[in-house]
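Below is one structure; the comments refer to it alone.
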Amino acid sequence: MEVIVIGGGAAGMSAASKIKRENPDYNVTVFEKSNFVSYAECGMPYYLAGYFDDFTRLLHYPITEFTDKRKIRVFINTKIDRIDAVNKRVFSGTVAYSYDKLVIATGASPKIPDVLKDTYFLRSMNEAINIKKKLENSHDVTLIGAGVLGTELFSLLSERYNVRLISKHEFILPYLDEDIGNILKEIVLANNKNIEFNSVPVEVTKNNNKFTVKTEYGTHDADIVISSTGIIPDVSLAEEAGLKTVNGLISTDDYLHTSDYDIFAGGDTAAVKNIITGERQHFPLAQIANKMGRTIGVNINRDTRKFPGALGTTIINVFGWQVGYTGINERTAAKYNINAEKILVHGKSRSAYLNGSDVYIKIIINKNTEKIIGAQIIDKDNGAWRLNTLAAAITSGISVSDMFYADLGYEPEYGPVWDPIIIASSLGIDKLDVK
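Here you go:
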């Protein structure tokens, strides 16, 4: 069996490794257009912020782990230009490679508006290395975009540089609902007031390796401008091969087959089912990509494992606060005409006598089913476990009453006896009881 994988990122290498582990006699070949495979994109902001200086620490494994130990053929610096699905071949230039099964894990590329074409974008290892070199001789940094990447860079780079953030939204992390988003806004402004909200660059010029960014509010000079204005799934190969797409993503079934049964797709280029809404959408997250790759590896010759979908659970460090969300927000609930109830709680992270920090937890409940369908959190102390607890609850489809009565472990150092999760669930029950 000849298996070809296009893309050496999380989904591609997870798929290749699982295929080879389950089927040692299969010939598995990976084509990666850059010179790196299997690296930690989520660690790149920490690398840029100086938490470590050796970029090789971002590599999950050296390439020899795949080629020598796992017996996977890996071609780096090799771009696949075309897929001939009829004859089961892929082409790199004029060189053709035949396959029995194909995995498309081509990822996504930065969305680059014309006004930002000369700025830096952080999407690949090579881009991270280039930005790191530029930062070595920089003092003033301007960041464009306040999504997940832009917000995390703003927090981490502010430890070493004079950083300005330009956000086109009213607050940072625009997926958050307005109430908890405004709480985060105040926290961020208390740490760094150098933010322009409701602002976009209208002109960016570069002269002698210096940048000038003009917005409607003023003109700013910077040594480096890093843009985080979204990504675009790389679906061109799939579209040209005649594969079905949905919402700008490669369409997949529950087993991650594309519209061509012998071609699979996973990672940032593939559509993922939203567990709450059922919509096929974009979830460009490392854990999801790895799990999709593993699922493809199981299903490459037998459909035994369904990929259930995702919630898009996201958590990042924002000036020492653990900030995140899972499931859907109020806007999405309204879009799908879900009869939703929200509960926002301000609690403490530990028992009072241990001087815990503030915790803000918001849960969203489907009033018709009484299930928790979304959660958002700002928490300086154990926020990650609280968000992950709620993500597990939502994935399991439990009710707010089940969440209240869940037998969570209690220890004063890790949470008060009435943890904010339990308080939010209790208030949710009370709201639902009012008919």
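When you line the sequence shown up against full-length UniProt numbering, it's residues 1 to 435, in that order.
Cβ atoms here follow ideal geometry from the backbone N, Cα and C, with glycine treated the same way.
Model, not experiment: these values are computed from the prediction.
Quick one: is residue 282 buried, meaning 16 or more other Cβ sit within 10 Å of its Cβ, or exposed?
-> buried
Beta carbon of residue 241 nearer than 8 Å to that of residue 85 | In this structure, residue 241 places its C-beta atom within 8 Å of the C-beta atom of residue 85.
For the candidate residues 151, 72, 271, whose alpha-carbon lies nearest to that of residue 279?
-> 271
Whole-number beta carbon distance between residue 206 and residue 118, since they are thought to touch under 8 Å = 5 Å
Taking just the CA atoms, how far does residue 13 sit from residue 293?
-> Whole-angstrom Cα-Cα distance: 7 Å.
Coarse secondary structure for residue 307, derived from DSSP in three states | It is coil, neither helix nor strand.
Determine the contact status of residue 345 and residue 420, defining contact as a CB-CB distance below 8 Å.
-> Yes.
Quick one: what's residue 265 bridged to in DSSP?
-> 104
How should residue 102 be labelled, buried or exposed, when 16 other C-beta atoms within 10 angstroms of its C-beta is the threshold for buried?
-> buried
The region 232-240 contacting the region 74-91, beta-carbon criterion three pairs below 8 Å | yes
Cβ shell of residue 116 (< 8 Å), same chain only, five flanking positions each side left out = Here the set comprises 144, 201, 204, 225, 227, 229.
Classification of residue 353 by the beta-carbon crowding that lies within 10 angstroms, buried from 16 upward | Exposed is the call here.
Taking Cβ to Cβ, would you say residue 330 is nearer than 8 Å to residue 348?
-> Not a contact, by the Cβ cut-off of 8 Å.
Start and end residues, beta strand (DSSP E) containing residue 77 = For residue 77, there is no enclosing beta strand (DSSP E), as DSSP gives it neither H nor E.
Whole angstroms is fine: what's the gap from residue 59's alpha carbon to residue 129's?
-> 13 Å
What do you reckon, are the CB atoms on residue 23 and residue 44 nearer than 8 Å?
-> At a Cβ-Cβ threshold of 8 Å, residue 23 and residue 44 do not count as neighbours.
Is it true that the CB of residue 78 sits closer than 8 Å to the CB of residue 32?
-> yes
Taking buried to mean at least 16 other C-beta atoms within 10 Å of its own C-beta, is residue 424 buried or exposed?
-> buried
Under 8 Å between C-beta atoms of residue 181 and residue 171 = Contact check for residue 181 against residue 171 passes: the beta carbons are separated by less than 8 Å.
What did DSSP end up calling residue 170 once you bin it into helix, strand or coil?
-> coil
Indicate the three-state DSSP secondary structure (helix, strand or coil) for residue 31 in the structure shown.
-> strand
According to DSSP, which residues form a beta bridge with residue 233?
-> 108, per the DSSP bridge assignment.
Assign residue 233 to one of two classes, buried (16 or more other C-beta atoms within 10 Å of its C-beta) or exposed (fewer than that).
-> buried
Just reading off the alpha helix (DSSP H) that residue 180 is part of, what are its end residues?
-> 178-191
Please determine if the region 302-318 and the region 252-263 are in contact, where contact requires at least 3 C-beta pairs separated by less than 8 Å.
-> yes
Between residue 403 and residue 326, what straight-line distance do the alpha-carbon atoms span, to the nearest angstrom?
-> 15 Å
Have a look at 295, 149, 123, 96 and flag the residue whose alpha-carbon is nearest the alpha-carbon of residue 19.
-> 295
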